[in-house]
Structures are given as C-alpha cells and as structure tokens.
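See structure below.
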DNA sequence: CGGTAAGCGAGACGGTACGTCGAGTCTTAAA
DNA sequence: TTTAAGACTCGACGTACCGTCTCGCTTACCG
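Residue numbers (UniProt numbering), protein chains in the order written: chain A, 1 to 209; chain B, 1 to 209; chain C, 1 to 209; chain D, 1 to 209.
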C-alpha cells in the first residue's frame, strides 16, 4: 500500500531513470486529506487533488492506481500516531493510563477522513485489510496491553475475558464516530472509562457523583 | 421518506390519469437490495435498479428523489423487524432475555445493506437522521428497556449507568459488522453477553469455562 | 456514416423512449466545422465541440463513436453541394461549361475542413471510403459527364482517354489545395482549363495571350 | 532542419564534453519511418520511437525539437533520391525520358511516410515550407527541365504553357497517392504519360491500342 | 592522465485530450 | 397521469501522449 515500496532487499543496483520525487507523495497526500475534509470523499476529485498538489494527474496515478488506494494512504499516513504500549507511560492505575490517551486519534477532520477510508475499505478488500490492520488490530492491541499491565499491577479482577474487554473501547468510540453522529468527546470517553471499562476490568463500581 | 405519502387527506375526488402501480414499490426496493448486496452501494446504479425491476428510471425517481433515499427505504423496509420491549417475552433473567434476541437483525446480505445505508447517511443528513432513529435509537432503547426490566427484577447492581451500558451491545455488534470484518456470529454475541453485558449490569463474573 | 440512419424500412412500430433531438445533430456538426476552421483538426477538441454546441459530451459520443467519424460527417454534411451533370446547364462548349462551375466547392474554411477529413481518412479505412466516394468519385464523375456531353457536341478529338482526362482537373485542384499551399484561385483554374483540360480534350491550342 | 546544425560559424573551439553519437541519427530516423509506416503519423509516438531506436526520449528531443520536425527529416532523409535533370540521361524523346524515371520515389511504405509528412506540414508552417521545397518545387522543376530539353529537341508544339504542364504529372501522382487510394503504379503512370503529358506537350495523340 | 562537461538510457514530471460512465432530468408514445 | 424506454446535461474517472527535466553512468577532450 505504501507508495515507495521498492525496497527490494539485496538489490543495490537501483533502476535507471529519474527517481520519483518523494516530496510529491506528501504534497499529494496532504492535498487529498484537505479535500476529503472539505468536500468529503465523493467531493474529492482526482483532478482537484492534482491541481492542489501542483502536479499532473499522471503523477498521482503513477503512484496510486485508483482513488480508493490514494485515500487509504492519505488517511493512514495522515494519522498523527498509532499508539503502542511503549508510548503510554505507566501512571500506576488503569484509569489514569486510559485517561492519558483519551485525546488520541482525534482532530478536526479526522472523522471525515475515517469515513473516507472506511468507504474505500468496502470497495477494495485489499484496502479493507490495511484498514483492519491499522485501525482495528492496532487499537485493540493497545487496549489489551494496557489491561495486561493492569493485570500485573493486580488491578484486574479474576476471571475476566481481557480480549473481549479490549474491544469494548474501540467499538464504542468507533460506534459514536462512525455509526452515531460523530460525538465521541472527552466527556463521553471519560464516562465510558469510568462506567464501562474500569468496572469490567476491575469489578469495581464508580462512586456515585 | 415513505414513497406513497401523497395520500392527500380529504381529496376523495381522485386525480385523473393512470394510477401508480403500488406493486412497483416492492419490486424496486427488492432490486435495490439485491444490487447493494451483489455490488455494494457504489456498484448499485440507478440504471441497474430500473432494469432489474423492469421499470423505467423515471418511475424510480418519481417515487424516491435520489439514490440515497431509495437506499434508505430499501434497507429500512427490508429489515425483518425492529424489536421493541413488547416483542421480547420476560424470560426471568437478563441473560436469557438477551440470548433470546441473539439472532435478530442478521441475515445473509444484511451487512452490505447496512453499509449502503451508512454510506448514504454520510452524504445526506436527512438520511442520517433516519439511520440514527432506526438503528441507533431503536436498538439502544431496546437494550435500555431490557436493563430496566432486569432492574425491576432486582438483577442490576447499584450505581450502574444504564444508558451507557445500553449502548455497549449495539456498539460492539456494529463494530464487528461495519468496522471489523463482518463476523458477529452467535458465538461472538454469546461471549459478549456473558463477559461484558451481564457482568456490567449485575456486577457478577462469569463462571470459568 | 449518417447519424440518423434508423430508417429501418417496414418498421412502423417505433421504439418507445425519447427520440433524439435531430436539431442537435446540426448544432454539433456546425460547432465541429467552426472549431476545425478556427483551430484545425488537432485543435478541435471534443470538449470544445460539446461546449460550443451546448450539449454534453455523452450526446456527442452517442451519435458519433469517435472524433474522426464526427469530422467526416461535419465535413460531408457541410459541403455546399456535390454537383452532378444535371446541375450544370449545357452552355454549348466544354470551356464555358467548365468556367461555369469554376467557383464550386470553394469557401473560406473549406480547405481546412478538407484537410481534417483527409486526416481522418488515413486513420479509419471506413472513413476513407466515404471520403473517396464523396470527393474522388463524385468529382471525377462530373468531369467525365461534361466530357461526354462535349463528345456528343463533336468537340472532342478522336482517340482521347476520357477517363484519364477526367481526373486531371480534380487532381490538379486537390494538389494545389492539399499538397501545395492552398491557392487554387479562379485565375489558376481558368489557366488550367485553357492550357490543360480543353487542349487535352479537343486537341486545340489556346490562342497566345 | 538538419539535425547537426550547430556548426556555429567562427567557433572553432568546439565545446568540451562527449560528442553526439552521429550513428543515433540514422537509428532514430529509421525507427520513425518504420513506425509511421506501421501505425501512421498519429500512431507513431515519441516514446515508441525512442524505444525502438534503443535510445532515451531526451536523445531524440536533443536532435529534433518536435514530432513534426522529426517526421520531416525522417521522410526527407529517407527518400532514395531527389532527381534533377542531371540524373536523367537524354534518351532522345520526351516519352522515353519520362518512362525512364517512372519508378522514382516509390516504395513499399513511401505513401504512408508521405502522408505523415503532409500531416506535419499542416501543423507547422516551417515544415510546410520544407515539404513544398522538397516535394512540390523539386518535382515540378524536374518536369519543367525535361520539357525544356524536349523543346530544344523540337518535340514541343508551339504555344504550350510549360509551367502548367510541368505540374500535371506531380499533381496526378500525388492525387492518386494522397487523396485517392494510393495506387499510382507503373501502369497508371505509363497511361498518364501517353494520354496526358505527351499529348499536352507535343500536340500528338497516342496511337489507338 | 585525471578532471570535467556533455551525451547517454531510463523514466518521472506537468499538462491536456480522449472516451466511458453514473446521477438526476426530460420527452415520447402507449396504457 | 403513469408507464417503459431512453436521450438529455453535467462532470468525474482513468488512460495516453507530448515535450521537459532529472538521475546515474559513460565518453572524450583538455589542461
């Protein structure tokens, strides 16, 4: 899916000819993101992408074979970060760990981008695989790791199905953003942490407010 | 959104000319559902709908003003049922109540239809409202009602945020179907009931298997 | 080659559906001729044709399958007339017959159109056939008929190869217009008549000037 | 028009660096001719020329500034010869002089090349000048010279317009090749000589066959 | 005899036209 | 007036080609 995937291990004799201007990739991807955010996936046209990027259409199509593939890379490469367990310092409790990453992966136009990618995933199964890898697996894996850290701290009640619990938060956030109206704000996430995730993991019940 | 909304109360003097063939509605809606299931929302073209339905395009557009609206009705009218609390007999426990509706709203092509509708919802806010009403509110409301019934039975532990819990199951199911790969089978749902929903509501932990 | 070729003898039960707006044909063809005259064949783009004709590109392509075919019809239908022997009154002598048609088939932009058609003929053999029919056969046939009329008058010297002579004038005019610089003016044609065609046919020699 | 025209008078101190590989010129020109013959002018692409010549496109463009200029040189340099009066031995009669050059400037693919050049001439006036010089002036001049030689022999009847007659043969041959279907074979040329050119010049009529 | 400027094959670049196709509207003759 | 059929406008998609530019290499002259 990556554009510059000619890594070709043990092929030091690089092909002749002018090399692709790697900086164009970023310019095109950024133009794509802007246009998706401004006009949505349908409204983002390849001509507009090329024009805003200051390139010809052929340059776009030389790097990405179709609109959906471009969208995929635009969204994936545009993610601020994919958090892993190493990015989240151990704050000493599951709740504060979760609160510390509460704001991750949000942004002004992220939801529209997310939908563009999701739409593309439906069209192309290869794209769907990337989508699944980046957004489903990665996020569930982070949750799972945080839960295991809490387990080692002794926070987790016995008998819990950690795999299942790890999917609850990604599911609820995606549901709010993708299925419901796109309002997974900090308050919602805090409420989810306090009333769903932490109780599920630890067996405790939040104090009445 | 309903097609035949020109009933014009107190207009007994019916208009001249040929009357609409009401049976066309169903034919067109079924053609729409088939095509969405076969080719996805993008691949479902209005020409193809008209051709498969054996009608002209004008007949389609006379009844639905756009592709998205047609998609909405195709999916909504195609649903087997929208369950309400009255449709679910009180089985005496939250778990068995939930298990009794485990198979609802599934079907061979339902996921693709769901996605078609979801896509349409992004394009048209009016459609989004219908979508939200039919798929978000309705399902959450059913969960909420089941939880309240369990509360009256005394199953619910104190201090629970029932509104939040009511959204967990719809969120996880939709996530599996729409975001992940579309595999919300009976086993998954049972596992979700036993390890997530019931523990959240009752504070209990499932017996080790 | 003609656009409206649905003459379909003995098919009185015409198909349903909107009929093609026959007036569009003329509008499109005229736009094509204008653009060829203004910008040449290469400069005449299908987008520009559609825009000037006030139609969509699909309407153009529904009627003509490609740029070359459109060019053919534009030029053929744009010809002022194809003269036949019946159009040329018998003036009593070959020379005055020829002089009476001296100005035929000329016009401000006719040469550029001619070239457009000629170019198209090279690309498509079917087009070449039409071209040959309209511009080679028709013109030679007229010359041949005029020569035979003169033969009946007794103007033609014995032993002449009338078929060969009939091609001389079309060849020389086309040569001047297509191969040389496009200057087959009235003076040139008169000179050709007096020093080439009439001498060839009658065996006479023009009076010294 | 010539490729190596950078002779830069009074610049004997030639530039440093590698010199152009003169052999490339011929390879490129031959590739051009082949492709024009195979696919026509439109179908002959610069990429294909470079590929078949085994060179890069830059090497082509370093030598010829555009497709039309390349075409010109390809056709001009590809001609077997441009005959002048010095190339045609005096055979003692106009007819035998003409018959001796009957086969000149023909060849398997010459017609397509001719059309390529002609097409290019329409696009670029500078090319048109070269075309006119090489194919119109040169050929008419040869005819004119042959006629004058016949005049000195006493073959030419008085009062003839030799300039006009000199254009008849080039016009008829070009017409056959470019406008009509490309069939100016030896038989046709002999017939033209016997029934058109010689009668026009000498006033005689061919013997009936 | 080594530096250097230019030529070389390969191919990416911006731009632009082509021909296809889909959405939604409009028109026809018949029912 | 509705129907089936299908032509209509608009505009995006993806391909191809032209003429330019850039890469890393190779050649041949010139100091």
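Just so you know, even glycine gets a beta-carbon here, dropped at the ideal spot from N, CA and C.
Note that the structure is a prediction, hence the values are computed from the model and not measured.
C-beta contact flag for residue i and residue j at 8 Å
i, j, result
"residue 202 (chain B)", "residue 169 (chain B)", "no"
"residue 114 (chain C)", "residue 177 (chain C)", "yes"
"residue 191 (chain B)", "residue 164 (chain A)", "yes"
"residue 50 (chain D)", "residue 60 (chain D)", "yes"
"residue 175 (chain B)", "residue 175 (chain A)", "yes"
"residue 146 (chain B)", "residue 97 (chain B)", "yes"
"residue 71 (chain B)", "residue 138 (chain B)", "no"
"residue 179 (chain C)", "residue 118 (chain D)", "yes"
"residue 172 (chain D)", "residue 167 (chain C)", "yes"
"residue 159 (chain D)", "residue 205 (chain C)", "yes"
"residue 200 (chain D)", "residue 199 (chain C)", "yes"
Residue i (DSSP reduced to helix, strand or coil)
i, result
"residue 21 (chain B)", "coil"
"residue 205 (chain B)", "coil"
"residue 55 (chain C)", "coil"
"residue 45 (chain B)", "coil"
"residue 16 (chain D)", "coil"
"residue 85 (chain D)", "helix"
"residue 96 (chain D)", "helix"
"residue 67 (chain C)", "helix"
"residue 187 (chain A)", "helix"
"residue 101 (chain B)", "coil"
"residue 216 (chain B)", "For chain B, the structure presents residues 1 to 209; residue 216 (chain B) sits outside this window and is missing."
"residue 8 (chain B)", "Only weak support exists for where residue 8 (chain B) lies, its pLDDT of 38 falling under 50; the coordinates are left without a value."
"residue 194 (chain D)", "helix"
"residue 2 (chain A)", "Caution applies to residue 2 (chain A), whose pLDDT of 42 falls short of 50 and renders its modelled position unreliable; the value that the coordinates give is listed next. The answer is coil: DSSP assigns residue 2 (chain A) none of H, G, I, E or B."
"residue 199 (chain D)", "helix"
"residue 108 (chain B)", "Unreliable placement is indicated for residue 108 (chain B), whose pLDDT of 49 sits below 50; the coordinate value is still reported in the next sentence. DSSP places residue 108 (chain B) in coil when its eight states are reduced to three."
CA nearest to the CA of residue i, picked from the options
i, options, result
"residue 34 (chain D)", "D:56, D:116, D:20", "D:116"
"residue 45 (chain B)", "B:56, B:32, B:54", "B:32"
"residue 103 (chain C)", "C:151, C:61, C:199, C:183", "C:183"
"residue 140 (chain C)", "C:84, C:90, C:121", "C:84"
"residue 162 (chain D)", "D:29, D:155, D:148", "D:148"
"residue 53 (chain D)", "D:37, D:29, D:128", "D:29"
"residue 154 (chain D)", "D:93, D:167, D:130, D:144", "D:93"
"residue 20 (chain C)", "C:37, C:62, C:88", "C:62"
"residue 91 (chain D)", "D:186, D:150, D:36", "D:150"
"residue 16 (chain A)", "D:56, D:36, D:16", "D:56"
"residue 130 (chain A)", "A:101, A:58, A:77, A:37", "A:77"
"residue 73 (chain C)", "C:101, C:128, C:58", "C:128"
"residue 18 (chain A)", "D:18, D:58, D:36, D:37", "D:58"
Practice item. Please confirm if the stretch 57-74 of chain A is in contact with the stretch 39-47 of chain A, defined as three or more CB-CB distances below 8 Å between the two stretches. Key: Short answer: they touch.
Practice item. Evaluate contact between the stretch 193-201 of chain C and the stretch 15-29 of chain D, counting only Cβ atoms and requiring at least three cross-stretch pairs below 8 Å. Key: Contact between the stretch 193-201 of chain C and the stretch 15-29 of chain D is not established, with fewer than three Cβ pairs separated by less than 8 Å.
**Study point:** Ranges of the beta strand (DSSP E) found wholly within the stretch 123-181 of chain A, counting only runs of at least 3
**Key:** Fully enclosed beta strand (DSSP E) runs of no fewer than 3 residues are not present anywhere in the stretch 123-181 of chain A.
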